[in-house]
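J.:
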Amino acid sequence: MKVQFLDKLRVDFPELKFILGKKFAFRPPKTVVVGPEEANDSLLLMHELGHALCHHRNFGTDAERIKMEREAWEKARELCVAYEVSYDEETVEAELDTYRDWLDKKSRCPDCGLTRFQAPDGTYHCPQCENFL
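In our numbering, the protein residues as written are 4 to 136.
1. Within the same chain, show all residues whose beta-carbon is closer than 8 Å to that of Arg119, passing over the 5 residues directly before and after it, in chain order.
2. Please classify Glu51: is it buried, with 16 or more other beta-carbons within 10 angstroms of its beta-carbon, or exposed?
3. Where does Phe62 fall in DSSP's three states?
4. Report the residue from Glu77, Tyr86, Pro17 and Asp107 whose alpha carbon sits nearest the alpha carbon of Ala66.
5. Check whether the segment 40-47 touches the segment 14-22, counting contact only when three or more Cβ pairs, one atom from each stretch, lie closer than 8 Å.
6. Hey, out of Gly63, Glu40, Asp91 and Val37, whose CA is closest to Gln121's CA?
7. Over the uninterrupted alpha helix (DSSP H) stretch that includes Lys26, give me the two end residues.
8. Using alpha carbons as the reference points, say which of Val88, Val95, Pro123 and Leu99 lies closest to Phe8.
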């Protein structure tokens with residue numbers, strides 16, 4: 004990633020702190036971690052900046068986390084236009100797939116394999132094993 008690009012973001016978003024790290028991430032409330040150079044690194048940075056601009060903080064349920072990821076990608080789409088960064092749908096969907104796969108694995112009941120549901124407090128419940136069926 005070009006230093007000039009990062010410098011421009013620092014000027015455009017003085018309320019945010021951009022730091023170098025091992026991987027791209029957003030650390031609420033105001034820190035955007037810039038990962039190492041890689042393919043689509045500017046797009047990944049736009050996504051993390053999207054989290055900051057959407058004021059993402061915490062999520063209560065895993066579905067809320069997926070929603071926040073989608074919102075950050077939608078904000079990234081807008082930022083990509085403004086900063087002339089290529090928005091690659093395949094990269095975005097691959098990134099979202101990592102969360103979908105994680106949620107699928109996490110929601111499976113370890114005893115019977117049925118998909119569990121998550122309560123508002125974040126706990127998972129199996130309709131079969133807990134006799135909801």
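Virtual Cβ for every residue (Gly too), placed ideally from N, Cα, C.
T.: Checking against the coordinates, here is how it stands:
1. Here the question's residue 119 lines up with position 116 in the sequence shown. Excluding positions up to five away in sequence, the list reads Ser110, Arg111, Cys112, Tyr127, His128, Cys129 and Pro130.
2. Locating residue 51 in the sequence shown gives position 48, where the first residue counts as 1. Burial call: buried.
3. What you label residue 62 is simply residue 59 of the sequence shown in a count that begins at 1. Residue state, collapsed to three classes: coil.
4. Here residue 66 is taken as the residue at index 63 of the sequence shown, counted from 1. Ranking the options by Cα distance to Ala66, first place goes to Asp107.
5. no
6. Position 118 of the sequence shown, counting from 1, holds the residue named residue 121. With distances taken between Cα atoms, Gln121 lies closest to Gly63.
7. Within the sequence shown, the letter at position 23 stands for residue 26. Premise fails: Lys26 is in no alpha helix (DSSP H) and is neither H nor E.
8. Here residue 8 is taken as the residue at index 5 of the sequence shown, counted from 1. With distances taken between Cα atoms, Phe8 lies closest to Val88.
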